[in-house]
Every structure is written in C-alpha cells, then in structure tokens.
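Asks: Would you mind keeping the following structure in view while I ask a few things?
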Amino acid sequence: MFDAHIQLPEPSLVVLMGASGSGKSTFARTHFHATEVVSSDACRALVADDENDQSATPAAFDVLHCIVGHRLAGGRLTVVDATNVRPRDRSTFVELARKHHVPLVALVLDLPTTVCLQRNQTRTDRTLPVHVVRAQSEELRRGLAGLGDEGFGLVTLFDSAEQVAAATITRRRPVPSTPATD
Ligand SMILES: Nc1ncnc2c1ncn2[C@@H]1O[C@H](COP(=O)(O)OP(=O)(O)OP(=O)(O)O)[C@@H](O)[C@H]1O
Ligand SMILES: [Mg+2]
Numbered sequence: 387m388f389d390a391h392i393q394l395p396e397p398s399l400v401v402l403m404g405a406s407g408s409g410k411s412t413f414a415r416t417h418f419h420a421t422e423v424v425s426s427d428a429c430r431a432l433v434a435d436d437e438n439d440q441s442a443t444p445a446a447f448d449v450l451h452c453i454v455g456h457r458l459a460g461g462r463l464t465v466v467d468a469t470n471v472r473p474r475d476r477s478t479f480v481e482l483a484r485k486h487h488v489p490l491v492a493l494v495l496d497l498p499t500t501v502c503l504q505r506n507q508t509r510t511d512r513t514l515p516v517h518v519v520r521a522q523s524e525e526l527r528r529g530l531a532g533l534g535d536e537g538f539g540l541v542t543l544f545d546s547a548e549q550v551a552a553a554t555i556t557r558r559r560p561v562p563s564t565p566a567t568d
C-alpha cells in the first residue's frame, strides 16, 4: 500500500487521517497550498476563538463540511486536516466526494503511537491525555482494511516518519475525452 510517489487526481478530495501528533498539519503544510487545506482546528478557531475548544467541534465541522462542499463544487483540490480516525468521522467526506463526482483519496499517517506521544510531549500548542492518543491510533488501525469499502479509491498508508519524509506528490489532471468523429 506504500508508494513514496503519490499521483493525485486533480481535483480530488484528500482526507488526511492520523492520531494527534502523527504529523497531519505538518504534512499538509509541506505538500499543499494553505488555501487547499481545510482544518478542523482552524474551523474551531473561527467559530470559538480557540482551536482546542472541544465544545466547538460540532459547529466547527459544520463550517468545515460547508467549505469542503463549496470547494468541490468549484472543482478545487481540497485537503481535510482532521484526525478522521473513525468511519463516522469520514462518512460526510465520502458523501461530498460522491455528490461532486471527485475522487476520494486517503493519506493515512499511521505512525507508531510512541512517536505520536513523544511529539505531543514537546508541543506547546496542545496537550492531549495519553489514553486519547492511544485510542485514536487503535481506532484508525481498526478501520484501515475497510477504507476501500468506505469509498476511498486511492489509499496511501505511511507507517513511519521515514516514509512520510520520502513522500512526493504530483498532480494529474484527467485528459479530456475527445468527441467521437464518425
Ligand atoms: N515528520 C516530522 N518529523 C518530526 N517532527 C514532526 C514531523 N511531523 C510533525 N512533527 C512534529 O510533531 C508535532 C505534531 O505535528 P502536527 O501538528 O503536524 O500533528 P497533527 O497530526 O496535525 O496533530 P493534531 O491532530 O493534534 O493536529 C509538531 O510539533 C511537529 O513539529
Ligand atoms: Mg494538526
């Protein structure tokens, strides 16, 4: 499932998945334009002035889904930066990709839980309890085999920091079909 070189259809809906500390936001900053990335933290900040305010999560996801829908309607490549570890976290993205006829892509940062925990320890922006990060990792792993059945057409699984560092992404626009000439 791992190929360091990812060919992304453009447009597509790219759903990042990974426990807190797995490096989703860092990956998004490295590989995508800032305006292509729609992040649950940024949406929490928009609605509640605090990206860590968990009480703002339902409103933040309303906003996030709305932005994703508008971007896909405009044919724009869109990247969702949220943990997305459970099938029910991902189901609205599956629906939106279907509705707007764009490919659905999973980029899964399934790094060892110890790495996520170590990184989280040194963060100043967020402190999540250890059991929460462990539960996220477990939930993510439980659902990996079912991503294809959920509707993800392209799945790339990174299971080490080395694999993440090796990743390159190019974009591929579909070749327009030529009208039949008979
Ligand atoms: N490839 C990497 N190598 C080393 N450190 C990294 C790497 N990616 C991220 N980090 C560090 O790990 C910490 C968490 O990274 P990041 O914020 O990208 O994680 P996240 O998956 O977005 O977490 P959250 O779900 O909490 O938003 C940051 O301090 C970041 O600098
Ligand atoms: Mg993040």
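Sequential numbering of the sequence shown, starting at 387, is according to my numbering. Each residue gets a CB set at the ideal place from its N, CA and C atoms; glycine is no exception. Since this is a predicted model, take the numbers as computed values, not measurements.
Closest to R527 by C-alpha separation, out of G409, R472, A446, V488, would be which residue?
Replies: R472
Asks: Using 10 angstroms around the beta-carbon of T554, count the other beta-carbons present and answer buried if the total reaches 16, otherwise exposed.
Replies: exposed
Asks: Measure the alpha-carbon distance for D545 versus R484 and round it to whole angstroms.
Replies: Per the coordinates, the alpha-carbon of D545 lies some 28 Å from the alpha-carbon of R484.
Asks: Taking any heavy atom of ligand 2 as the mark, which residues have a C-beta closer than 7 Å to it, listed down the chain?
Replies: The filter returns K410, S411, S425, D427, D467, in chain order.
Asks: Decide if R457 is buried, meaning its Cβ has at least 16 other Cβ atoms within 10 Å, or exposed.
Replies: buried
Asks: If we count the other Cβ atoms within 10 Å of its Cβ and call it buried at 16 or more, is V491 buried or exposed?
Replies: buried
Asks: At a cut-off of 7 Å, is T499 close to ligand 1 when judged by its beta-carbon and the heavy atoms of the ligand?
Replies: In terms of side-chain proximity, the C-beta atom of T499 is found no nearer than 7 Å to any non-hydrogen atom of ligand 1.
Asks: CB V433 to CB V465, shorter than 8 Å?
Replies: no
Asks: Can you give me the start and stop residues for the alpha helix (DSSP H) that F413 sits inside?
Replies: Segment 410–417, the alpha helix (DSSP H) holding F413.
Asks: So V519 and A405 are supposed to be a Cβ contact under 8 Å. How far apart are they, rounded?
Replies: 5 Å
Asks: Note the first and the last residue of the continuous alpha helix (DSSP H) segment covering T443.
Replies: 443–459
Asks: Do you know how far the Cα of T508 is from the Cα of P489?
Replies: Taking the straight line joining both Cα atoms gives about 36 Å.
Asks: Just checking R472 against ligand 1 - is the residue's beta carbon closer than 7 Å to any of the ligand's heavy atoms?
Replies: no
Asks: At a cut-off of 7 Å, would you count S406 as near ligand 1, judging by its Cβ distance to the nearest heavy atom?
Replies: yes
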